[in-house]
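A quick write-up on the structure given underneath.
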Amino acid sequence: TTYADGALDALAISLFNAKLAAVVGEEASASANEKRGFERLVALADALADGRTVVEQRAAVTRALLSIIPAPVRFLFKKMIKPAPWVDEMNAYITREAFAWLVGPCEVMPRESDGVMAQVKLRKCRYLEQSGCSASCANFCKIPTQRFFKEAFGVDARLDPNHEDGSCVMTFGVKPDINDAAFAAPC
-17 TTYADGALDA
-7 LAISLFNAKL
3 AAVVGEEASA
13 SANEKRGFER
23 LVALADALAD
33 GRTVVEQRAA
43 VTRALLSIIP
53 APVRFLFKKM
63 IKPAPWVDEM
73 NAYITREAFA
83 WLVGPCEVMP
93 RESDGVMAQV
103 KLRKCRYLEQ
113 SGCSASCANF
123 CKIPTQRFFK
133 EAFGVDARLD
143 PNHEDGSCVM
153 TFGVKPDIND
163 AAFAAPC
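Residues -17 to 169 in the working numbering are what the sequence shown lists, from first letter to last.
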């Protein structure tokens, strides 16, 4: 798939790359320096995996994601806005609009359990497609993203990747499945 990143997409990718480089470390991220844009993001993810356990990888990506939102904003959000169906819907729409640069085109759909518009369908995950590694999906995206929404906003989010077609469904207001088959997927 070819992606035409606009100026805001490029800015978001650059910001996330800087946050990733900070958690990867200067020496480890040196191999990614010759790459730009989304290719650099994938190279940084690869560098992050080198020499780190799965637990360390997931924690590092979660730190990078959390560093995008200032701590006072996260604190206020959790204090002022409690989990509710409208919050799940708001997160779904924000995800669709604000994170297409990372995951590719997506659409908001009704949550299967109750019809609330709190589910985001990623047609073909950009990161999974460009990294080519299903295990990286779980360690670089699935677990850190689920933790990010819980830690940053106090919101449950569950990601269900489909490694056969590259799609993914993110459902807000649903607890993650700790016995997920995605954890067993190799590259």
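Even glycine gets a Cβ: it sits at the ideal position worked out from N, Cα and C.
Terminal residues of the beta strand (DSSP E) in which residue i lies
{"i": "VAL143", "result": "Position check: residue 143 holds Pro in this sequence, whereas Val was assumed. Residues 139 to 144."}
Bridge-paired residues (DSSP) for residue i
{"i": "LEU104", "result": "CYS88, CYS150"}
Limits of the alpha helix (DSSP H) - the one that residue i falls within
{"i": "ALA14", "result": "That residue, ALA14, is in no alpha helix (DSSP H); it is neither H nor E in DSSP."}
{"i": "ILE(-5)", "result": "-11 to 6"}
{"i": "ASN73", "result": "67 to 80"}
{"i": "ILE125", "result": "125 to 135"}
{"i": "ARG45", "result": "36 to 48"}
{"i": "PHE122", "result": "Unbroken run through PHE122: none, as it is neither H nor E."}
{"i": "ARG56", "result": "53 to 62"}
Beta carbon of residue i nearer than 8 Å to that of residue j
{"i": "ASP138", "j": "VAL156", "result": "yes"}
{"i": "ALA100", "j": "PHE154", "result": "yes"}
{"i": "PHE135", "j": "LYS60", "result": "yes"}
{"i": "CYS107", "j": "GLY148", "result": "yes"}
{"i": "VAL102", "j": "CYS88", "result": "yes"}
{"i": "THR35", "j": "PRO126", "result": "no"}
{"i": "SER11", "j": "ALA29", "result": "yes"}
{"i": "VAL226", "j": "GLU71", "result": "Any question about residue 226 goes unanswered here, given that the chain covers just -17 to 169."}
{"i": "LEU(-3)", "j": "ILE50", "result": "yes"}
{"i": "GLN48", "j": "PHE130", "result": "This sequence places Leu at residue 48; Gln is not what is there. The answer is yes: Cβ separation under 8 Å."}
{"i": "GLN39", "j": "ALA46", "result": "no"}
{"i": "SER113", "j": "VAL24", "result": "yes"}
Pick from the options that is closest to residue i, judged by C-alpha positions
{"i": "PRO158", "options": "SER149, LYS132, PRO54, GLU146", "result": "LYS132"}
{"i": "LEU26", "options": "ALA41, VAL5, PHE81", "result": "VAL5"}
{"i": "GLY(-12)", "options": "TRP83, LEU23, ARG40, LEU48", "result": "TRP83"}
{"i": "LEU141", "options": "GLY33, ALA0, ALA3, ALA74", "result": "ALA74"}
{"i": "ARG105", "options": "SER95, ARG40, VAL90", "result": "VAL90"}
{"i": "THR(-17)", "options": "TRP68, VAL24, GLY86, ALA53", "result": "GLY86"}
{"i": "GLN128", "options": "SER113, GLU8, GLU38, ILE160", "result": "ILE160"}
{"i": "ALA(-6)", "options": "GLY33, TYR(-15), PHE20", "result": "PHE20"}
{"i": "VAL37", "options": "HIS145, GLU111, ASN144, ALA117", "result": "ALA117"}
{"i": "ALA42", "options": "ASN15, ASN144, PRO143, ASN121", "result": "ASN121"}
Chain C contact for residue i (CB, 8 Å cutoff)
{"i": "PHE122", "result": "The structure shown has no chain C; it contains just one protein chain."}
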